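What follows is a short report on a single structure.
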Amino acid sequence: MNSTRESWASKLGFMLAAMGSAVGLGNIWRFSYVAGENGGGAFLILYLASIVIIGIPLLLAEVSIGRKAKSDVVGSYRTLAPRKPWYLAGFLGVFGALLILGFYSVVAGWSMYYFWNYLTGQFFTVPEQGYGAAFEMFTSSTAQPLLWHAIFMVLTIAIVLTGIKKGIELANKIFMPALAVLLIILAGFSLSLDGAMEGMRFLFQPDWSVLSDPSVYIAALGQAFFSLSLGVGVMMTYGSYLGDHHKLPGATVGIGLMDTFFAVISGVVIFPAVFAFGIEPDSGPVLVFITLPDIFSQIPFGGIVGILFFLSLTLAAVSSSVSLLEVPVAFLMRSFKWSRKLAAIITGIVIFVLGIGASLGMGAWSGFTPIGQLNIMDSMDYVASNIFLPIGGLVMAMFIGWYFNKMDALTAADLQHATVGHWWYVIVKYFAPVIILLIFLNALGVL
Ligand code: TRP
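Numbered by this note's numbering, the letters in the sequence shown go through residues 552 to 998 in order.
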């Protein structure tokens with residue numbers, strides 16, 4: 552039955568795709584605004600701790616489940632635990648992926664719009680009202696952001712349509728290195744700005760007093776999950792296309808390190824500029840779309856840099872959105888015997904519709920705030936990242952820790968003989984579930 556299933560051309564292909572999934576808007580757009588809203592340095596420490604102690608071990612757990620089961624997120628649980636309720640978590644994953652891609656694609660559309668405006672030269676010089684107001688005008692309008700959201704979804708669908716090897720592997724090979732190089736150059740420039748040190752202090756010098764706020768912990772955990780693409784079965788699905796002879800531990804550590812590098816370097820680009828240009832670090836989701844153009848307008852050949860940067864950012868977003876779309880697509884292909892084409896198109900349309908809410912929530916529907924003060928997009932993000940992802944990750948950890956026996960768990964993860972294996976098992980079985988639960992209850996105000 553599995554003989555016709557697709558697979559990666561090589562282990563490198565898998566790693567590039569998984570890195571492509573992990574590295575995206577989450578590292579640049581989401582990381583910088585969440586760090587900015589949560590006090591900077593202390594948040595960074597919690598975030599790094601979440602990545603190392605929980606994120607990377609769970610990444611290994613998630614990939615292991617998928618590779619062992621060779622199925623999508625629902626199918627993996629069903630295969631490994633027939634007639635047990637674990638597969639319900641798979642549905643949570645499918646739903647979570649739809650929800651995330653719904654707003655992710657809208658933000659990616661903004662990035663494409665910026666790319667376009669640099670390409671045509673429009674953004675080479677500061678617009679009359681400033682980049683902030685120009686951005687506000689664009690995002691609060693109705694038709695234009697929806698158009699870019701649609702274009703981005705078409706692009707994502709087109710790549711998923713062409714299948715695993717050709718579509719997804721190739722797109723990652725070129726633009727990730729390009730993005731890395733650009734970010735390093737930009738970081739150098741940012742550090743040369745007047746006031747850069749204030750930004751560096753904000754990012755690297757913890758103000759421990761923010762730790763008294765329970766929401767900081769869930770924000771750090773949610774960001775770690777979001778950035779590593781954990782908890783909805785993206786990594787499980789990608790792992791399912793990987794042959795058994797490829798070793799997992801090194802690959803997952805590599806993915807985690809790469810992802811963290813992109814987040815930290817983005818912080819070094821953004822925060823010095825935030826302080827140099829007098830922008831509030833807690834400006835929220837609009838942060839990079841205002842700071843970056845300000846940076847570009849001040850550097851030599853900034854327009855060209857703008858073109859390259861927003862092209863790379865858009866493509867980094869595509870390789871992430873492709874991975875999100877793959878979760879429901881793989882599920883539908885197996886469950887209903889749909890073709891890849893049909894599954895990708897139908898799911899893509901559903902996601903487009905979800906994104907309409909997120910987009911209009913910036914303008915016409917901004918009065919509608921489903922959760923507290925949060926508009927539609929921020930509410931979708933909040934529910935997905937701070938609730939769905941941690942729960943999804945919790946269930947994966949418990950599945951490995953409590954449903955598998957220790958030997959099977961270590962074998963699935965290629966960790967049979969090492970002390971590392973023991974510690975990984977302890978983390979996945981006890982530590983991660985307890986910490987996730989504590990952070991969760993803490994955020995809910997129960998503790
Ligand atoms: N990790 C990606 C980013 O940082 C976004 C992403 C892709 C994602 N797949 C995911 C987030 C799965 C959560 C779950 O941009």
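Note that CB positions come from ideal geometry on N, CA and C, so glycine has one too.
Bear in mind the structure is a predicted one, so any value in this text is a computation, not a measurement.
#1: Is I596 helix, strand or coil by DSSP?
#2: My understanding is that I816 touches I830, with C-beta atoms under 8 angstroms, so please give their C-beta distance in whole angstroms.
#3: For L925, which three-state DSSP category applies?
#4: For the alpha helix (DSSP H) containing P608, list its first residue and its last residue.
#5: Given the structure, does L649 come close to the ligand TRP, in the sense that its CB is under 6 angstroms from one of the ligand's heavy atoms?
#6: Within 10 Å of its beta-carbon, does P636 have 16 or more other beta-carbons around it, so buried, or fewer, so exposed?
#7: In this structure, does DSSP put W889 in helix, strand or coil?
#8: Do you know whose CA, among I702, T898, L779, M931, lies nearest T865's CA?
#9: Helix, strand or coil: how does DSSP classify H700 here?
#10: When DSSP labels each residue in this structure, what does P1016 get in the three-state scheme?
#11: Is F939 helix, strand or coil when you go by DSSP?
#12: Quick one, which of S848, A868, A994 has its alpha-carbon nearest F777's?
#13: In chain order, what residues of the same chain lie with their CB nearer than 7 angstroms to the CB of L567, ignoring the 5 residues before and after it?
#14: May I ask which residues mark the beginning and end of the alpha helix (DSSP H) holding M688?
#15: Leaving aside the five residues before and after S930 along the sequence, list all residues of the same chain whose C-beta is less than 6 angstroms from its C-beta, in chain order.
#16: Examine the ligand TRP and report whether any of its heavy atoms sits within less than 6 angstroms of the Cβ of F812.
#17: Could you give the distance in angstroms between the alpha-carbon of L744 and the alpha-carbon of L631?
#18: Between which two residues does the alpha helix (DSSP H) harbouring T1011 extend?
#19: Measuring alpha carbon to alpha carbon, tell me which residue in M928, W759, L859 is nearest G672.
Let me lay it out:
#1: helix
#2: About 19 angstroms; that fails the 8 angstroms criterion.
#3: strand
#4: 607-620
#5: no
#6: exposed
#7: coil
#8: I702
#9: helix
#10: Since the first residue of the chain shown is 552 and the last is 998, residue 1016 is not available in this structure.
#11: helix
#12: A868
#13: E720, N723, K724
#14: 681-691
#15: P921, I922
#16: no
#17: 55 angstroms
#18: No statement about residue 1011 is possible, as the shown extent of the chain runs from 552 to 998 and does not include it.
#19: L859
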